[in-house]
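The listed protein sequences correspond, in order, to chains A and B. If you count by my numbering, then the first sequence holds residues 1 to 553, one letter each, in order. If you count by my numbering, then the second sequence holds residues 1 to 553, one letter each, in order. C-beta: ideal position from N, C-alpha, C; glycine also. The structure displayed is predicted, hence computed values, not measured ones. These notes concern the structure reproduced below.
Number of protein chains: 2
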Amino acid sequence: MSEKLQIIPIGGLGEFGMNCMAMRYGDEIIVIDSGLMFPDAGHLGVDVIVPDFTYLHENRDKVLALILTHSHEDHIGSVPFLLKTVNVPVYSTPYTAAVLASKLDEHNLTDDVLVHTIKPSGMFELGSFLVEFIHVSHSTTGCVAVAVTTPVGVVIHTGDYKFDDTPVCGAPLDVALLKRYGNEGVLALLSDSTNAERPGRMHSEKAVIPALEDIFDRAQGRIIVSCFTSSIHRIQIIFDLAQQFGRRVALLGRSMLRNIEVAEATRMLDISDGITITAADASRYPSDEVVLLVTGCQGEPMSVLSRMAVDNHKQAKVSKGDTVVLSARQIPGNEKSISRLINHIYKREAEVVDSTSARVHVSGHGAQEDLRMMLEAVRPKFFIPIHGEYRQLYRHKAFAISLGYSPDRVVLVESGDVIELDAESISIGDRKVQIGRRYIDSSGFGHIDDMVVRDRKQLAYDGIVLPIIAINEVSGAVETKPEIVTRGFNTPEEETLYTGKLSEIVSNTINLSSQEERRDRVVLKEKIRIDLKRYIQKGTGRRPVIIPVIVEV
Amino acid sequence: MSEKLQIIPIGGLGEFGMNCMAMRYGDEIIVIDSGLMFPDAGHLGVDVIVPDFTYLHENRDKVLALILTHSHEDHIGSVPFLLKTVNVPVYSTPYTAAVLASKLDEHNLTDDVLVHTIKPSGMFELGSFLVEFIHVSHSTTGCVAVAVTTPVGVVIHTGDYKFDDTPVCGAPLDVALLKRYGNEGVLALLSDSTNAERPGRMHSEKAVIPALEDIFDRAQGRIIVSCFTSSIHRIQIIFDLAQQFGRRVALLGRSMLRNIEVAEATRMLDISDGITITAADASRYPSDEVVLLVTGCQGEPMSVLSRMAVDNHKQAKVSKGDTVVLSARQIPGNEKSISRLINHIYKREAEVVDSTSARVHVSGHGAQEDLRMMLEAVRPKFFIPIHGEYRQLYRHKAFAISLGYSPDRVVLVESGDVIELDAESISIGDRKVQIGRRYIDSSGFGHIDDMVVRDRKQLAYDGIVLPIIAINEVSGAVETKPEIVTRGFNTPEEETLYTGKLSEIVSNTINLSSQEERRDRVVLKEKIRIDLKRYIQKGTGRRPVIIPVIVEV
Numbered sequence: 001m002s003e004k005l006q007i008i009p010i011g012g013l014g015e016f017g018m019n020c021m022a023m024r025y026g027d028e029i030i031v032i033d034s035g036l037m038f039p040d041a042g043h044l045g046v047d048v049i050v051p052d053f054t055y056l057h058e059n060r061d062k063v064l065a066l067i068l069t070h071s072h073e074d075h076i077g078s079v080p081f082l083l084k085t086v087n088v089p090v091y092s093t094p095y096t097a098a099v100l101a102s103k104l105d106e107h108n109l110t111d112d113v114l115v116h117t118i119k120p121s122g123m124f125e126l127g128s129f130l131v132e133f134i135h136v137s138h139s140t141t142g143c144v145a146v147a148v149t150t151p152v153g154v155v156i157h158t159g160d161y162k163f164d165d166t167p168v169c170g171a172p173l174d175v176a177l178l179k180r181y182g183n184e185g186v187l188a189l190l191s192d193s194t195n196a197e198r199p200g201r202m203h204s205e206k207a208v209i210p211a212l213e214d215i216f217d218r219a220q221g222r223i224i225v226s227c228f229t230s231s232i233h234r235i236q237i238i239f240d241l242a243q244q245f246g247r248r249v250a251l252l253g254r255s256m257l258r259n260i261e262v263a264e265a266t267r268m269l270d271i272s273d274g275i276t277i278t279a280a281d282a283s284r285y286p287s288d289e290v291v292l293l294v295t296g297c298q299g300e301p302m303s304v305l306s307r308m309a310v311d312n313h314k315q316a317k318v319s320k321g322d323t324v325v326l327s328a329r330q331i332p333g334n335e336k337s338i339s340r341l342i343n344h345i346y347k348r349e350a351e352v353v354d355s356t357s358a359r360v361h362v363s364g365h366g367a368q369e370d371l372r373m374m375l376e377a378v379r380p381k382f383f384i385p386i387h388g389e390y391r392q393l394y395r396h397k398a399f400a401i402s403l404g405y406s407p408d409r410v411v412l413v414e415s416g417d418v419i420e421l422d423a424e425s426i427s428i429g430d431r432k433v434q435i436g437r438r439y440i441d442s443s444g445f446g447h448i449d450d451m452v453v454r455d456r457k458q459l460a461y462d463g464i465v466l467p468i469i470a471i472n473e474v475s476g477a478v479e480t481k482p483e484i485v486t487r488g489f490n491t492p493e494e495e496t497l498y499t500g501k502l503s504e505i506v507s508n509t510i511n512l513s514s515q516e517e518r519r520d521r522v523v524l525k526e527k528i529r530i531d532l533k534r535y536i537q538k539g540t541g542r543r544p545v546i547i548p549v550i551v552e553v
Numbered sequence: 001m002s003e004k005l006q007i008i009p010i011g012g013l014g015e016f017g018m019n020c021m022a023m024r025y026g027d028e029i030i031v032i033d034s035g036l037m038f039p040d041a042g043h044l045g046v047d048v049i050v051p052d053f054t055y056l057h058e059n060r061d062k063v064l065a066l067i068l069t070h071s072h073e074d075h076i077g078s079v080p081f082l083l084k085t086v087n088v089p090v091y092s093t094p095y096t097a098a099v100l101a102s103k104l105d106e107h108n109l110t111d112d113v114l115v116h117t118i119k120p121s122g123m124f125e126l127g128s129f130l131v132e133f134i135h136v137s138h139s140t141t142g143c144v145a146v147a148v149t150t151p152v153g154v155v156i157h158t159g160d161y162k163f164d165d166t167p168v169c170g171a172p173l174d175v176a177l178l179k180r181y182g183n184e185g186v187l188a189l190l191s192d193s194t195n196a197e198r199p200g201r202m203h204s205e206k207a208v209i210p211a212l213e214d215i216f217d218r219a220q221g222r223i224i225v226s227c228f229t230s231s232i233h234r235i236q237i238i239f240d241l242a243q244q245f246g247r248r249v250a251l252l253g254r255s256m257l258r259n260i261e262v263a264e265a266t267r268m269l270d271i272s273d274g275i276t277i278t279a280a281d282a283s284r285y286p287s288d289e290v291v292l293l294v295t296g297c298q299g300e301p302m303s304v305l306s307r308m309a310v311d312n313h314k315q316a317k318v319s320k321g322d323t324v325v326l327s328a329r330q331i332p333g334n335e336k337s338i339s340r341l342i343n344h345i346y347k348r349e350a351e352v353v354d355s356t357s358a359r360v361h362v363s364g365h366g367a368q369e370d371l372r373m374m375l376e377a378v379r380p381k382f383f384i385p386i387h388g389e390y391r392q393l394y395r396h397k398a399f400a401i402s403l404g405y406s407p408d409r410v411v412l413v414e415s416g417d418v419i420e421l422d423a424e425s426i427s428i429g430d431r432k433v434q435i436g437r438r439y440i441d442s443s444g445f446g447h448i449d450d451m452v453v454r455d456r457k458q459l460a461y462d463g464i465v466l467p468i469i470a471i472n473e474v475s476g477a478v479e480t481k482p483e484i485v486t487r488g489f490n491t492p493e494e495e496t497l498y499t500g501k502l503s504e505i506v507s508n509t510i511n512l513s514s515q516e517e518r519r520d521r522v523v524l525k526e527k528i529r530i531d532l533k534r535y536i537q538k539g540t541g542r543r544p545v546i547i548p549v550i551v552e553v
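Following this line, the structure appears as structure tokens:
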């Protein structure tokens, strides 16, 4: 059979986040992961970004299933949007399924979606594909790599991973199973590149224990720990240390409560009875017997910790003598809000420990030694770096080549490229599939048009100018002096004078227009817009949005 | 005499940047530094931020002089704005004066401003103050601390500094002079807190040589180095290494050319004859004999390096085989643009070295050991941490206390506070002076009102909705169906339907209004605004800017 296997990244290659990978053989497509991306400051009013699923929509009769490697937002965050495009069964580990459940619930999809839970080393068939989950370690639990036996050979997708020999929760990465695949022959490996620029071996999740133990040992007052709610290992460590040092743990923040509940229900967390107290109870215990485990490690203004730090939370506040531990990395873009948070904590004379001052955080993504161990376990014929911007993919490729892989066996592609594989060869197809980003305003789960986002940017930079003209519908005569409304454009002092001048410009434009032009609202508006634009740009160098409004009376 | 000395931070304490400090004794005020702050993504359309100089304006008859510690933007960037408020003589080192000159020129202030150049260890009198410049080391040259002998005692302001025993350009910090002041007794020390959270001793400017030497040693093709144009030590090292390895240096970028010219003219740089070539000439040399020294280390989209990386620069482009060295820190907020730059460089198959992969950058601000050495040299009676957000000031205070300073001798203040000193005591005045931030749109050197910036933010997040109503001036009757103009608010598909509905709301509001309400435009507008706001918020959760416009016809 001459059919080739196609590997098609829909998102996440050449960009950070919204990981989504399609594999197609003939008329059968499976999808691995469907994540989201968080917007940066340039995407105004956008809450999340999800991939453009046009390719999957166009081939919706061919898509067999969605497979999830783990529960982080950049891997499952756009699942509801994908399922609204093409409703297929979902396959994931029990923990990932439990996290997904509340997401489906928010989107009222619970009753419409079929979720199969598969444990690591579990196998299932999807058309011509045979899929096996391979347990990997990462910063959350229930994480797997996916081995797909296809008609042309085995393809392994690592998901996110590190080689953690001493994870806090669960077993180490199942290197034996990877090696078994390696021994039998793997056609292609798709491996996480997030930390490809980082030399050495990534630390175990246990590596944070000494620093945290030191904090528990020295703290005289309350300990307030903030971490990602998905950091199950970290949360287990906090509970273990609380137990060891005779402290109770109170949870604050909806997602913290929910995620811990899910992790306990799926037996990913082991919490002793009686150690958890309510936030209300916490105030009744001596401060050196209390740990608060709270959301808000990125300094998000409305998060529990930020509100506690400015005395704007009902149940708790940061006080003198507290030790606040930010047990997470700073996500790029959040540096300023985290700094604001730390300033407020210091103003209340509490102590702050973050990853710059002590090892209270480790990454969940393998560094170069981990990547080498993965390559050596799997020994694939072809290698495809995934997950990362071009710089990480490039460095991962260069790293593989430095290990002896010949450059023609390493394929660097970005989202939208189509890789074609048979048992002997790999190539990149000439045709790309449509990919892109869709902006979501989560208040209504609505899609925001690209143009709206562009408009907002322009509004944001130079404001808006609206010339408003009342024209007599019949005679075409201007009924009043044109009115100029501006916003975000000028200072109030200057405004009256300047808008007066703009009003004159508009009057002038109308006066110099022919009777026909005046009757054609589109033409007249455009003439007014262009004349104002020229005048404003020349005088101020600014380019506000200009929208002439003609009221026919 | 019972008069007290007042120390009044106008900017830079409790915030990063726009450093400006006033010292007042009786009717005499001197000002040390007048910097700017770069806006973050939230300040839309704002180019730079400068302090509110109201206090200095109100006391403009008392201000004697402006003293500059060094030429970085956070210390001299707002000088033109201060001098437009109160035109006083400026005192600085020759290098700082030379950098300032082009800034004054841009603002057409050259002929109106008197600049005195003073060398380190130079003294000058300003009213009752006797001022001496003390040479310090930092990442640029011509840097001084300022010792001010006042009627109540000596106050030392460190400027920015580190203890660099082996600076590339110029002498080490003049610790002997500091100690002489210390021996004679110093009333108060104001010391830079930027790196107060960082343990250990800051590296010398020479510490980057081994990594850079290694790059020069290995590079087969061109070497492209980007650094801050004020990093004179760094630039000297690049020229020295080029000489050593037989390469010529071409400069690209206006500010790079200008700053190197200024540094050479003031003898801060020592460049061998014939080593500099033009960018045009560079293409005629073999690639392993060329260094390009370029602007754009922060990935600024219009900078030379960013344009070279996307083949959008007339004189040079990044090519396969080049080694690009980013010899600077990543300023928080620039991570994404730097990442974009690196992605593009890798796409052209050039190599990238930055401070994460090799020591090609060191900070110019002293770490804790440097801060200790400063405190031990000066041994002040009172200590005031300056330069930094609250977190840095707090940590600097805590560090001084850990060295044995009693807490009542260390004063933590923020911009606007008034410190009062006499020979025996220090206190913080009850009254604060007016301080704040002024937003500047540099296209016209114009000031942007706070309200405009707030409006822009709201516009940016939820767009704008303008109900436009034509009302008969005489009868108060609505002449037409209200028109709804939106921008950045809705998707085009929904728009017609939705704006139709909004139009009905407005008609309804007007119909339910009394004749008097209709005649009072302010009342009617507000009623329309509130009704629309409720309806829109309920239906979409959004809060666009709503501006009712009434056209009287």
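Please state whether DSSP places residue 614 (chain B) in a helix, a strand or coil.
Outside the shown range of chain B (1 to 553) lies residue 614 (chain B), about which nothing can therefore be said.
Quick check on the burial criterion: 16 or more other C-beta atoms within 10 angstroms. Buried or exposed for residue 268 (chain B)?
Per the 10 Å Cβ criterion, buried.
Could you name the residues of the same chain whose beta carbon sits closer than 6 Å to that of residue 551 (chain B), not counting the 5 residues immediately before and after it, in chain order?
470
Run through the stretch 159-247 of chain B for me and flag every whole beta strand (DSSP E) of 3 or more residues, listed as ranges in chain order.
188-192, 223-226
Spell out the partners DSSP gives residue 550 (chain A) in its beta bridges.
A:469
Which residues of chain A have a Cβ atom closer than 7 Å to the Cβ of residue 332 (chain B), listed in chain order?
Result: 335, 336.
Taking DSSP as the reference, what is the three-state secondary structure of residue 516 (chain A)?
helix
With 16 other CB atoms within 10 Å as the buried threshold, where does residue 198 (chain A) fall?
The residue in question, residue 198 (chain A), is buried, as its Cβ has 16 or more Cβ neighbours within 10 Å.
Any chance the stretch 239-255 of chain B sits against the stretch 279-292 of chain B, with 3 or more Cβ pairs inside 8 Å?
yes
Measure the alpha-carbon distance for residue 333 (chain A) versus residue 202 (chain A) and round it to whole angstroms.
23 Å
Would you say residue 339 (chain B) reaches chain A, if we count a Cβ-Cβ gap shorter than 7 Å as a contact?
yes
When we look at the beta-carbon of residue 522 (chain B) and count the other beta-carbons within 10 Å, is it buried (16 or more) or exposed?
By the beta-carbon neighbour count (other beta carbons within 10 angstroms, threshold 16), residue 522 (chain B) is exposed.
Check residue 157 (chain A) in the structure and name its three-state DSSP category.
strand
Give a yes or no on whether the minimum CB-CB distance between residue 343 (chain A) and chain B is below 7 Å.
yes
Taking DSSP as the reference, what is the three-state secondary structure of residue 405 (chain A)?
coil
Taking only beta-carbon atoms, is residue 470 (chain B) less than 7 Å away from chain A?
yes
Below 8 Å on the Cβ atoms is my guess for residue 383 (chain A) versus residue 410 (chain A); work out the distance and round it to an integer in Å.
5 Å
Less than 7 Å between C-beta atoms, sequence neighbours within five positions excluded: which residues of the same chain meet that for residue 162 (chain A)?
These residues qualify, in order along the chain: 137, 138, 202, 364, 365, 366, 370.
Taking the straight line between their C-alpha atoms, what separation do you get for residue 194 (chain B) and residue 335 (chain A)?
15 Å
Quick one: using the 10 Å Cβ neighbour count with 16 as the cut-off for buried, is residue 311 (chain B) buried or exposed?
exposed
Looking only at its chain, what residues have a beta carbon closer than 6 Å to the beta carbon of residue 94 (chain B), apart from the 5 residues adjacent to it on each side?
Around residue 94 (chain B): 117, 266.
Using the Cβ count rule (16 or more neighbours within 10 Å means buried), how would you classify residue 407 (chain A)?
exposed
Taking 6 Å as the limit between beta carbons, can you name the residues of its chain near residue 276 (chain B), skipping five residues before and five after?
249
Would a C-beta distance cut-off of 7 Å place residue 279 (chain A) and residue 315 (chain A) closer than the cut-off?
yes
Does the CB of residue 389 (chain A) have a neighbour CB from chain B at under 7 Å?
Chain B contact via Cβ: present.
Under a three-way DSSP split, which group does residue 11 (chain B) fall into?
strand
Could you tell me the boundaries of the beta strand (DSSP E) in which residue 302 (chain A) lies?
If you look at residue 302 (chain A), you'll find it isn't in any beta strand (DSSP E); DSSP assigns it neither H nor E.
Which residues in the same chain have their Cβ closer than 7 Å to the Cβ of residue 482 (chain A), if we skip the five residues on either side of it in sequence?
467, 468, 469, 503, 506, 507
Under 8 Å: do the stretch 341-355 of chain A and the stretch 386-400 of chain B share three or more Cβ pairs, one atom per stretch?
The stretch 341-355 of chain A vs the stretch 386-400 of chain B: in contact.
What does residue 551 (chain B) touch in chain A if you count any residue whose Cβ is under 7 Å from its own?
For residue 551 (chain B), the neighbours in chain A by C-beta distance under 7 Å run, in chain order, 468, 470, 480, 483, 551.
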